Amino acid sequence: MTGPELLRDLDRETGWTLMVEGAEQSYVDIEDPTHLEFEYMQHMALVVDAVLPGPAPLHALHLGGGACTLARWISATRPGSMQTVVEMSAEIIDAVRPLGPVPHTEVVLGEAFDALRLRDDASDDLVIWDLYDGPRVVTSSLTLEAIGHMQRVLKPGGMVLLNVSDAVPFEVVRPVVAAMRVWLADVALLAEPSTLRGRRSGNCVLIGGTKPLPILTLRRLAAAAPVRGRVVAGTALDTFVGDAVPATDDQPLPAPDESRGRGFL
Numbered sequence: 026m027t028g029p030e031l032l033r034d035l036d037r038e039t040g041w042t043l044m045v046e047g048a049e050q051s052y053v054d055i056e057d058p059t060h061l062e063f064e065y066m067q068h069m070a071l072v073v074d075a076v077l078p079g080p081a082p083l084h085a086l087h088l089g090g091g092a093c094t095l096a097r098w099i100s101a102t103r104p105g106s107m108q109t110v111v112e113m114s115a116e117i118i119d120a121v122r123p124l125g126p127v128p129h130t131e132v133v134l135g136e137a138f139d140a141l142r143l144r145d146d147a148s149d150d151l152v153i154w155d156l157y158d159g160p161r162v163v164t165s166s167l168t169l170e171a172i173g174h175m176q177r178v179l180k181p182g183g184m185v186l187l188n189v190s191d192a193v194p195f196e197v198v199r200p201v202v203a204a205m206r207v208w209l210a211d212v213a214l215l216a217e218p219s220t221l222r223g224r225r226s227g228n229c230v231l232i233g234g235t236k237p238l239p240i241l242t243l244r245r246l247a248a249a250a251p252v253r254g255r256v257v258a259g260t261a262l263d264t265f266v267g268d269a270v271p272a273t274d275d276q277p278l279p280a281p282d283e284s285r286g287r288g289f290l
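Printed below as a string of structure tokens:
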């Protein structure tokens, strides 16, 4: 088992990839933080642009740090933003230190949900959750109570943005969406069409707003993205969620099985 390390991008002189246990975890171009290499990061960025358009600065809380890719992008596109990044691995924090600091951003070593529970009410425009250590961790940590804390710390007009990896039959994503719909005024899902159709596993970007989301704008931006995305909202999201119920702290959901059924859409 190897520790986190930075690898230079041979195609972009100022690009670096954070590798964790042999897998690509984050990508940063230190001279151009608006360059987002990973498709799901591009999708998350277009959602922020649609729901919280710049250049007004934001207060953002990042649960999961890595190389601070989205924090760097927010700092570049919305100068003056005040951000907190919570990262549980001291090794990762040390590994990415050569990339340099992010302006007006505090990097905190700790558990994401411990930091979330201590956060003041109505303190953030944006809460980003980008943690992954297998489906068991997702279904046991993205509970109804955790989503409630995310909603609590949002300012009016704020947004929760989650990256959850899943595949058909979406036993991880559907309960999380169900929990988001309890607490947030409007919820949508953005993913690549091939993921929704069950052709492969992939990243699902889950969007929760304290006010109605600009669904038409999201669909237009997603359709025009370098890697096309599809937005599921409204009655289509009702169908997607089906009879899924949120996990709770007292009753976490069982780990999803490995079976794969038909796709959605």
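Numbering (the numbering used here), first residue to last: 26 to 290. Note that the Cβ used here is the ideal one computed from N, Cα and C, for glycine as well. These figures come from a predicted structure and were not determined experimentally.
| Per DSSP, what kind of secondary structure is V230 in: helix, strand or coil? | strand
| Nearest candidate by alpha-carbon position, reference E38, set Q50, V152, D54 | D54
| said: Applying the 10 Å Cβ sphere with the 16-neighbour rule, what's the burial state of V212? | reply: buried
| field | Nearest-angstrom Cα separation, counted from E30 out to M44 | value | 5 Å
| In three-state terms, what does DSSP make of M175? | Residue state, collapsed to three classes: helix.
| message | Quick check: what's the CA-CA separation for V111 versus A140? | response | 7 Å
| said: Less than 8 Å between the C-beta atoms of L209 and G234, yes or no? | reply: Contact annotation: L209 and G234 have beta-carbon atoms nearer than 8 Å.
| message | So within the stretch 180–218, which uninterrupted beta strand (DSSP E) runs reach at least 3 residues, ignoring any that extend past its ends? | response | 211–216
| Roughly how many whole angstroms lie between the Cα atoms of V73 and L262? | 20 Å
| message | Using the three-state DSSP reduction, which class does R97 fall into: helix, strand or coil? | response | helix
| message | With three or more C-beta pairs closer than 8 Å as the rule, is the stretch 217–235 touching the stretch 174–191? | response | yes
| task | Determine, using beta carbons only, whether V189 and M175 come nearer to each other than 8 Å. | result | no
| query | Among the residues of its own chain, which have a CB less than 6 Å from the CB of G173, if the five just before and after it don't count? | reply | W208
| message | If I measure Cβ to Cβ from Q67 and keep anything under 7 Å in the same chain, skipping five residues before and after, which residues do I get? | response | L61, A250, P251, V252
| said: So within the stretch 108–162, which uninterrupted alpha helix (DSSP H) runs reach at least 4 residues, ignoring any that extend past its ends? | reply: 115–121, 137–143
| Quick check: the stretch 77–91 against the stretch 197–204, are there 3 or more CB pairs under 8 Å? | no
| message | Measuring alpha carbon to alpha carbon, tell me which residue in E170, Q108, E136 is nearest S148. | response | Q108
| message | Using only CA atoms, which one of T273, R224, T220 lies nearest to Y65? | response | T220
| field | Under 8 Å between C-beta atoms of A247 and L71 | value | yes
| message | Could you tell me the alpha carbon to alpha carbon distance between Q50 and T42, rounded to whole angstroms? | response | 7 Å
| said: Am I right that A85 and I153 are in contact with their C-beta atoms under 8 Å? What's the rounded C-beta distance? | reply: 7 Å
| Identity of the residue in F63, A92, P104 nearest L83 by Cα | P104
| said: What would DSSP say about R222, mapped onto helix, strand or coil? | reply: Reduced to three states, the DSSP call for R222 is coil.
| Distance CB(V256)-CB(F265) smaller than 8 Å | Result no, Cβ atoms of V256 and F265 do not sit closer than 8 Å.
| request: Helix, strand or coil for D274, going by three-state DSSP, please let me know. | output: Residue state, collapsed to three classes: coil.
| What residues in its chain sit with their C-beta under 6 Å from that of D274, if we drop five residues either side in the sequence? | T168, E170
| So who's on the other strand from M66, going by DSSP bridges? | For M66, which the question treats as bridged, DSSP gives no partner whatsoever.
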